[in-house]
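Asks:
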Amino acid sequence: MYKIENILITGGAGYIGSHIAERLVKKKNIIILDNLITGHKRLINKKAKFINGDIKDKRKLIKIIKDNNIDSIIHLAAFLNVRESEKNKKKYFKNNINGTLNLIHACKNSTVKNIIFSSSCSVYGNVKGPVNEKKRLNPQNYYAYTKLKSEEIIKKFSKKYRYRYGILRYFNVAGASPSGKIGEIEASHGHLIKNIAIQSLKSKPVISIYGNDYSTKDGTCIRDYIHVSDLVDIHIKTLNYVNTKSKSLVLNCGYGKGYSVLDIIKIFKETNKNLIVKYKSRRIGDVDKVYADVKKIKSILRWKPKYNNIRKIIKSSIKWESFL
Ligand SMILES: NC(=O)c1ccc[n+]([C@@H]2O[C@H](COP(=O)([O-])OP(=O)(O)OC[C@H]3O[C@@H](n4cnc5c(N)ncnc54)[C@H](O)[C@@H]3O)[C@@H](O)[C@H]2O)c1
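Note that this note's numbering has the sequence shown beginning at 1, numbered continuously upward.
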């Protein structure tokens, strides 16, 4: 067990990374590395040390790790637009796969002992019931493939470079910090609850449903939504676990309940009856249904969600949008 003091957060100027920094900065030295491509200056925690840089720059990474005596890395930096990943595989290969490989190689002969990685439920592809961590991985789009490859890279070098890892497969992340200071700014990722929050401010809100012929109860895609604040807890607990137990692990991060796109829209309509729904054709790379089996995370981390109420999650995203 090592005392965790200096944590590097790649992608710490993004939506999820900024929430992790907000919590950790109270007790640890936080170094944020971000190229601000989808990150935002406004989300950078003032008490953290910010470095404007890219995970593709290995020399810089080696220097950052050395100069700051980094003992743990939380690696979130990635591109995450599924549609774009299908159109521009090279861009996603370079950034997500090669970027991760660079970061891992920069840990060779270094002080880094723990790596926490932001993976995604998309590595599973389409699933029938709740999915557990042992399920064979079957990515259905290029973004998901980059997450699978990154997981493999992190696992492959862990013994050689002597670090433990926590691979966290996030389901769909939504909501904003209770502090009211940070939330999701970037609108380019095409996330449903973010889109609803944007529309909530308009006098004639319109929301598009991409495909209503999926094999689900109402024909629209089913996802498991997790509040970003609960996800932050998971990171802190995982980091403590891998550090104190000297063990690596892979965990699903969701609530274990699936909501269809129509379910979410119906909830929004309870407070905003003006919403116009437009049906469009399916988007490339979307799967019918994916929601988590959360037995492992609950038993290993003794994690109990605090914000698992879909109405509150939507409300929190809408409240944040009106601050923006
Ligand atoms: N938001 C979700 O629902 C969700 C679900 C599953 C997994 N994830 C994963 O979580 C992580 C964070 O996602 P987010 O929602 O906060 O998105 P985000 O776009 O807000 O954050 C990603 C951050 O990484 C930075 N970045 C990208 N490439 C970089 C590079 N080469 N070098 C340095 N910085 C770089 C961006 O500028 C941005 O600040 C991503 O790895 C994503 O794949 C997110």
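Heads up, the beta-carbon is just placed ideally off N, CA and C, and yes, glycines get one too.
In this text the structure is predicted, and so the values were computed from the model without any measurement.
1) Let me check understanding here. Comparing Cα to Cα, which of Leu249, Leu262, Thr238 lies closest to Thr220?
2) Counting pairs of Cβ atoms below 8 angstroms between the segment 264-282 and the segment 109-119, do you hit three or more?
3) Quick check on the burial criterion: 16 or more other C-beta atoms within 10 angstroms. Buried or exposed for Asp230?
4) Would the beta-carbon of Ile297 fall within 8 angstroms of that of His227?
5) Going by the CB atoms, is the gap between Tyr225 and Tyr259 shorter than 8 angstroms?
6) Jot down the residue ranges of each uninterrupted alpha helix (DSSP H) in the segment 15-76, minimum 4 residues, whole runs only, in chain order.
7) Can you give me the C-alpha to C-alpha distance between Ala77 and Gly254, rounded to a whole angstrom?
8) Can you tell me the Cα-Cα spacing of Val294 and Trp303, whole angstroms?
9) If I'm right that Ile264 touches Ile196 with Cβ under 8 angstroms, what's the distance once you round it to whole angstroms?
10) Please name the residue in Asn252, Ile236, Lys247, Lys289 whose C-alpha comes closest to that of Gly211.
11) Compare the beta carbon distance of Ile318 and Ser188 with 8 angstroms and say whether it is the shorter of the two.
12) From the DSSP output, which residues share a beta bridge with Ala13?
13) Just the Cα atoms here: how many angstroms apart are Lys266 and Leu148?
14) Would you say Ala238 and Met1 are within 8 angstroms of each other, going by their C-beta atoms?
15) Rounded to the nearest angstrom, what separates Ser177 and Trp320 at their Cα positions?
16) Please determine, among Tyr214, Val232, Ile4, the residue with the shortest C-alpha to C-alpha distance to Lys128.
17) Does ligand 1 have even one heavy atom less than 7 angstroms from the beta-carbon of Asn252?
18) Report yes if the C-beta of Leu36 is less than 7 angstroms from at least one heavy atom of ligand 1; otherwise report no.
19) Relative to the alpha-carbon of Val123, which residue among His105, Lys156, Leu80, Asn95 has its alpha-carbon at the smallest distance?
20) For Arg164, does the count of other Cβ atoms within 10 angstroms reach 16, so buried, or fall short, so exposed?
21) In terms of alpha-carbon separation, which member of Asn308, Lys160, Ser118 lies closest to Glu151?
22) Please say whether Ile182 and His19 have beta carbons closer to each other than 8 angstroms?
23) Of all the alpha helix (DSSP H) runs that stay within the bounds of the segment 180-262, which reach a length of 4 or more residues?
24) Nearest by alpha-carbon distance to Gly99: which of Lys41, Thr216, Asn35 is it?
25) Hey, how far is the Cα of Ser158 from the Cα of Val250?
26) Within the continuous alpha helix (DSSP H) that includes Gly99, where are the two ends?
27) With a CB to CB cut of under 6 angstroms and the five nearest residues on each side skipped, what residues in its chain are close to Thr146?
28) According to DSSP, what are the bridge partners of Gly129?
29) The beta strand (DSSP E) with Phe79 in it runs from where to where?
Replies: Short version:
1) Counted from its first residue, the sequence shown places residue 220 at position 220. Minimum Cα distance to Thr220 is reached at Leu262.
2) no
3) What you label residue 230 is simply residue 230 of the sequence shown in a count that begins at 1. The residue is buried, with at least 16 neighbouring Cβ atoms inside 10 Å.
4) Residue mapping note: residue 297 aligns to position 297 of the sequence shown, counting from 1. Residue mapping note: residue 227 aligns to position 227 of the sequence shown, counting from 1. Contact flag unset, no.
5) For the purposes of this step, residue 259 is identified with residue 259 of the sequence shown, where counting begins at 1. For the purposes of this step, residue 225 is identified with residue 225 of the sequence shown, where counting begins at 1. Yes, the Cβ-Cβ distance between Tyr259 and Tyr225 is below 8 angstroms.
6) 15-24, 58-67
7) The residue given as residue 77 occupies position 77 in the sequence shown. The residue given as residue 254 occupies position 254 in the sequence shown. So the two alpha carbons sit approximately 20 angstroms from each other.
8) In the sequence shown, counting from the first residue as 1, residue 294 sits at position 294. In the sequence shown, counting from the first residue as 1, residue 303 sits at position 303. Whole-angstrom Cα-Cα distance: 10 angstroms.
9) On the sequence shown, residue 264 is found 264 positions in, with the first residue counted as 1. On the sequence shown, residue 196 is found 196 positions in, with the first residue counted as 1. Yes, they are in contact, since the Cβ atoms of Ile264 and Ile196 sit about 7 angstroms apart, within 8 angstroms.
10) Indexing the sequence shown from 1 puts residue 211 at position 211. Ranking Asn252, Ile236, Lys247, Lys289 by Cα distance to Gly211 puts Lys289 first.
11) In the sequence shown, the residue the question calls residue 318 occupies position 318. In the sequence shown, the residue the question calls residue 188 occupies position 188. No, these two residues do not count as a Cβ contact at 8 angstroms.
12) Within the sequence shown, residue 13 is the residue found at index 13, counting from 1. Paired residues: none, contrary to the question.
13) As a first step, residue 266 is located in the sequence shown; it is residue number 266 there, counting from the start. As a first step, residue 148 is located in the sequence shown; it is residue number 148 there, counting from the start. The alpha-carbon atoms of Lys266 and Leu148 are separated by roughly 34 angstroms.
14) Position 238 of the sequence shown holds residue 238. Position 1 of the sequence shown holds residue 1. Sequence inspection shows Thr at residue 238; the Ala mentioned does not correspond to that position. Not a contact, by the Cβ cut-off of 8 angstroms.
15) The residue given as residue 177 occupies position 177 in the sequence shown. The residue given as residue 320 occupies position 320 in the sequence shown. Distance between the alpha carbons of Ser177 and Trp320: 8 angstroms.
16) In the sequence shown, counting from the first residue as 1, residue 128 sits at position 128. The residue with the shortest Cα to Cα distance from Lys128 is Tyr214.
17) For the purposes of this step, residue 252 is identified with residue 252 of the sequence shown, where counting begins at 1. Not under cutoff, so the answer is no.
18) As a working mapping, residue 36 is identified with position 36 in the sequence shown. Indeed, a heavy atom of ligand 1 lies less than 7 angstroms from the Cβ.
19) Translated into the one-based positions of the sequence shown, residue 123 becomes position 123. For Val123, the nearest C-alpha among the options comes from Leu80.
20) Within the sequence shown, residue 164 is the residue found at index 164, counting from 1. Buried, by the Cβ-count rule.
21) The residue you call residue 151 lines up with position 151 of the sequence shown. It is Ser118.
22) One-based indexing of the sequence shown puts residue 19 at position 19. One-based indexing of the sequence shown puts residue 182 at position 182. In contact: His19 and Ile182 (Cβ atoms closer than 8 angstroms).
23) 192-200, 228-245
24) Taking the first residue of the sequence shown as 1, we reach residue 99 at position 99. Looking at the Cα atoms, Asn35 is the closest of the given residues.
25) Taking the sequence shown and counting its residues from 1, the one referred to as residue 158 is at position 158. Taking the sequence shown and counting its residues from 1, the one referred to as residue 250 is at position 250. Rounded to whole angstroms, Ser158 to Val250 spans 13 angstroms at the Cα level.
26) Residue 99 sits at position 99 when you count from the first residue of the sequence shown. Here the alpha helix (DSSP H) through Gly99 covers 99-105.
27) Counting from 1 along the sequence shown, the entry for residue 146 is found at position 146. Closer than 6 angstroms at the Cβ level, and outside the excluded window around Thr146, lie Tyr92, Asn96, Ile97.
28) Translated into the one-based positions of the sequence shown, residue 129 becomes position 129. For Gly129, which the question treats as bridged, DSSP gives no partner whatsoever.
29) The residue given as residue 79 occupies position 79 in the sequence shown. Where Phe79 is concerned, there is no enclosing beta strand (DSSP E), given that its DSSP letter is neither H nor E.
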